[in-house]
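Q: In the UniProt record's numbering, the protein residues as written are 1 to 108.
(1) Whole angstroms is fine: what's the gap from residue 82's alpha carbon to residue 25's?
(2) Quick check: the Cα distance between residue 85 and residue 15, rounded to an integer number of angstroms?
(3) So, is residue 27 buried or exposed, given that buried needs 16 or more other C-beta atoms within 10 angstroms?
(4) Are the beta-carbon atoms of residue 79 and residue 96 separated by less than 9 Å?
(5) Mind pulling the beta strand (DSSP E) runs of 3 or more residues that sit fully within the segment 62-96?
(6) Give the secondary structure of residue 47 by DSSP, where H, G and I count as helix, E and B as strand, and everything else as coil.
(7) In angstroms, rounded to a whole number, what distance separates the CA positions of residue 21 and residue 8?
(8) Alpha carbon to alpha carbon, how far is residue 62 from residue 42? Give it in angstroms, no decimals.
(9) For residue 102, which option in 87, 35, 92, 77 has the closest C-alpha, if you only look at C-alpha atoms?
So, in structure tokens, the structure goes:
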């Protein structure tokens with residue numbers, strides 16, 4: 001029903017804002033596969049801007065989301081302090097990821 005998907009969209013946005021990226025991605029995938037979406041909604045599901053997150057307290061959650069990703073095509077992590085270890089974890093997951101086509105890591 002439309003109400004179910006509206007509720008799912010709201011929960012997905014809340015999970016995303018809380019840094020619960022895996023749960024957000026799971027919700028976004030259900031929405032993406034089962035709903036008619038506006039262009040803006042499609043962009044929000046397939047393109048994540050996580051720039052300026054000050055080092056990422058929920059980095060492991062993001063790594064888990066990337067591991068299971070089937071919808072995310074663009075990820076902006078610019079101006080984050082990932083460090084060598086974070087960069088290594090990210091590269092391991094992105095090496096296996098066939099969906100992501102754009103990754104931004106530069107400092108702004």
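Heads up, the beta-carbon is just placed ideally off N, CA and C, and yes, glycines get one too.
A: This is what the structure holds:
(1) When rounded, the distance between both Cα atoms is 21 Å.
(2) A direct Cα-to-Cα measurement between residue 85 and residue 15 gives close to 25 Å.
(3) By the neighbour-count rule (16 or more Cβ atoms within 10 Å), residue 27 is buried.
(4) Taking 9 Å as the Cβ cut-off, residue 79 and residue 96 do not qualify as a contacting pair.
(5) Secondary structure within the segment 62-96: the beta strand (DSSP E) runs of 3 or more consecutive residues, fully enclosed, are 74-76 (chain order).
(6) Here residue 47 carries a strand assignment [DSSP, helix/strand/coil].
(7) Roughly 14 Å separates the two Cα atoms.
(8) Inter-residue distance for residue 42 and residue 62 is about 19 Å (C-alpha atoms, whole angstroms).
(9) Of the listed residues, the one whose Cα sits closest to residue 102 is 77.
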